[in-house]
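First comes the structure, then the notes that go with it.
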Amino acid sequence: MNDAAAWSGLEEARRWVREATRIAVLTGAGVSAESGVPTFRDAQTGLWANFRPEELATPEAFRAHPQRVWDWYAERRARLADVQPNPGHVALAEFQARHPDRLTLITQNVDGLHQKAGSTGVLALHGNLFEDRWLDPCLNSALHGGRLGCDPTSAVAGSPPRCADCGNLLRPGVVWFGEMLPMDALDAAERAAVSCELMLVVGTSGAVYPAAGLAHRARRAGARVVVLNPEPTELDDVAHLCLRGTSARWLPALLGD
Ligand code: BJW
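Using my numbering, read the sequence shown as starting at 10 and increasing by one per residue.
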């Protein structure tokens, strides 16, 4: 796309933003790329170069190789600890602050950068990288009628940490392949998708469901759909308009006054 074509696409998308009373934004790893966070499918570097995401981000992988998977997440947590939101995250948060109740932010990201930028009510479909939870339902909780679970903060350090009492393992509080998404976040995201007039699909390959299905649902319900991504995506065919650019550069232009 040449600059003139890109510019006219941006102008049209800006008009759609102005016209929409309800906007849903679905983000993926690409929005954090310009903060220095590798996208999910680019993240297999160095030590992890020999593993595909599907071989690490599953409950089966964790059960088979708990130390390998825990160490992968520990390394990602360490890398992300000091990472800051970029102008794309900030543009979304500022738009939401200027237009309360117009924008619902749905993210597949687990890095917390939207929240760090000041976005509120973020629907985090794939959980939170910095939270831990038990791998299995707590045995002690079952013994005591669900009242007394072991406390995750009391886990004995290790890779992964484990419960000294019942042997349960800690795992990261993210959603792995084959696992259900948090129902409250998914329900709210589906409501936003079918009731919005404009959906912006930003920085995602559109390869992972049910998140990617939200764009199809929005389109079927009559919303305009805009994909913003420097590369082609699996959702381009669903979109009325594809903007080929990076989110840190284009979101401020799209959402600014
Ligand atoms: C830029 C940029 C810049 C670069 N600016 N952009 C229907 C059809 C087919 C399959 C399924 C289906 N329904 C369910 C499935 C199965 C499965 C699935 O989708 N598989 C596919 C691989 C086909 N889904 C699931 O298992 C989900 N659960 C589920 O469906 O439960 C119901 C159920 C349960 C039990 C039985 C049966 C049904 C769960 C999915 C969980 C995904 N989890 C992960 C890991 C999270 C934890 C972690 O981080 O480790 O979530 S996988 C990974 O992919 C991560 C991401 O959130 C997700 C999406 O990736 P994303 O964000 O799109 O990143 P990339 O890397 O793919 O793309 C980055 C993009 O950025 C690229 O396009 C770049 O061009 C772009 N970019 N720089 C803007 N500067």
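Cβ coordinates follow ideal geometry from the N, Cα and C atoms, glycine included.
These numbers were taken from a predicted model, which means no experiment stands behind them.
Item to complete: Count the other C-beta atoms from every protein chain shown that fall within 10 angstroms of the C-beta of GLY55, then say buried if there are 16 or more, exposed otherwise.
Response: Per-residue confidence for GLY55 stands at a pLDDT of 48, beneath the threshold of 50, marking its modelled position as unreliable; the derived number appears in the next sentence. Taking every protein chain shown into account, the CB of GLY55 has fewer than 16 other CB atoms within 10 angstroms, so this residue is exposed.
Discussion item. Spatial neighbours of SER41 within its chain, please: C-beta separation below 7 Å, excluding the five flanking residues on both sides.
Written reply: Hits under 7 Å: ASN118, ASP120 and LEU122.
Discussion item. Once DSSP output is grouped into helix, strand and coil, what is the label at VAL208?
Written reply: Reading the sequence as shown, one finds Met at residue 208 and not Val. If DSSP states are grouped into helix, strand and coil, MET208 belongs with the strands.
Item to complete: Run the CB neighbour count on ARG233, radius 10 Å, all protein chains shown included, and call it buried at 16 or more, exposed below.
Response: When all chains shown are included, ARG233 counts as buried.
Discussion item. Can you list, in chain order, the residues of its chain with a C-beta nearer than 7 Å to that of ARG50? Leave out the 5 residues immediately preceding and following it.
Written reply: Closer than 7 Å at Cβ, skipping near neighbours: PRO62 and SER214.
Worksheet item: Among GLY167, LEU35 and ALA224, which has the Cα closest to the Cα of ASN177?
Response: Closest option to ASN177, Cα to Cα, is GLY167.
Fill in: Rounded C-alpha distance that separates HIS225 from PRO169
Answer to the nearest angstrom: the Cα atoms are 38 Å apart.
Worksheet item: So TRP185 packs on ALA66, CB below 8 Å; how close in whole Å?
Response: That pair is a contact at about 5 Å.
Fill in: Any 3 or more C-beta pairs closer than 8 Å across the stretch 233 to 242 and the stretch 127 to 139
Not touching, per the Cβ criterion.
Worksheet item: Which same chain residues, not among the five before or five after VAL131, have their C-beta less than 7 Å away from its C-beta?
Response: Only LEU114, THR116, HIS123 and GLN124 meet the Cβ criterion.
Worksheet item: Mind checking THR129: buried by the 16 CB within 10 Å criterion, or exposed?
Response: Under the 10 Å beta carbon count, THR129 is surrounded by fewer than 16 other beta carbons and is classified as exposed.
Worksheet item: Which two residues bound the contiguous alpha helix (DSSP H) that contains VAL78?
Response: Per DSSP, VAL78 belongs to the alpha helix (DSSP H) from 75 to 89.
Worksheet entry | Nearest candidate by alpha-carbon position, reference TRP259, set VAL99, THR48 and TYR82 | Ranked by Cα distance from TRP259, the options VAL99, THR48 and TYR82 are led by VAL99.
Worksheet item: Under 8 Å, do ASP174 and CYS159 count as touching if we go by C-beta distance?
Response: In contact: ASP174 and CYS159 (Cβ atoms closer than 8 Å).
Discussion item. For ligand 1, I want to know if GLU188 counts as a neighbour, meaning its beta carbon is within less than 7 Å of at least one of the ligand's heavy atoms.
Written reply: At least one heavy atom of ligand 1 is nearer than 7 Å to the Cβ of GLU188, so yes.
Fill in: PRO161 CB to nearest heavy atom of ligand 1 below 7 Å
Because no heavy atom of ligand 1 lies under 7 Å away, the Cβ of PRO161 does not count as near it: no.
Fill in: Within the stretch 162 to 231, ranges of the alpha helix (DSSP H) (whole runs, at least 4 residues)
DSSP runs (the alpha helix (DSSP H)) wholly in the stretch 162 to 231: 192 to 204 and 222 to 229.
Worksheet item: Expressed to the nearest angstrom, what Euclidean distance is found between the alpha-carbon atoms of LEU6 and LEU190?
Response: Given that the chain is displayed from residue 10 to residue 266, the structure contains no residue 6 and the question cannot be resolved.
Worksheet item: So does ARG228 have its beta carbon nearer than 7 Å to some heavy atom of ligand 1?
Response: Because no heavy atom of ligand 1 lies under 7 Å away, the Cβ of ARG228 does not count as near it: no.
Worksheet item: How big is the Cα-Cα spacing for LEU101 and PRO109?
Response: Taking the Cα positions, LEU101 is about 12 Å away from PRO109.
Worksheet item: If you measure from the CB of ARG27, is any heavy atom of ligand 1 nearer than 7 Å?
Response: The answer is no for ARG27.
Worksheet item: Is GLN105 buried or exposed, if buried means 16 or more other CB atoms sit within 10 Å of its CB?
Response: Classification of GLN105: buried, given that the 10 Å Cβ count is 16 or more.
Discussion item. Is it the case that the stretch 17 to 31 contacts the stretch 78 to 93, given that we only count it when at least three CB pairs across the two stretches are under 8 Å?
Written reply: They do not touch, by the three-pair rule.
Worksheet item: In three-state DSSP terms, what is GLU240?
Response: Per DSSP, reduced to three states, the secondary structure at GLU240 is coil, with no helix or strand assignment.
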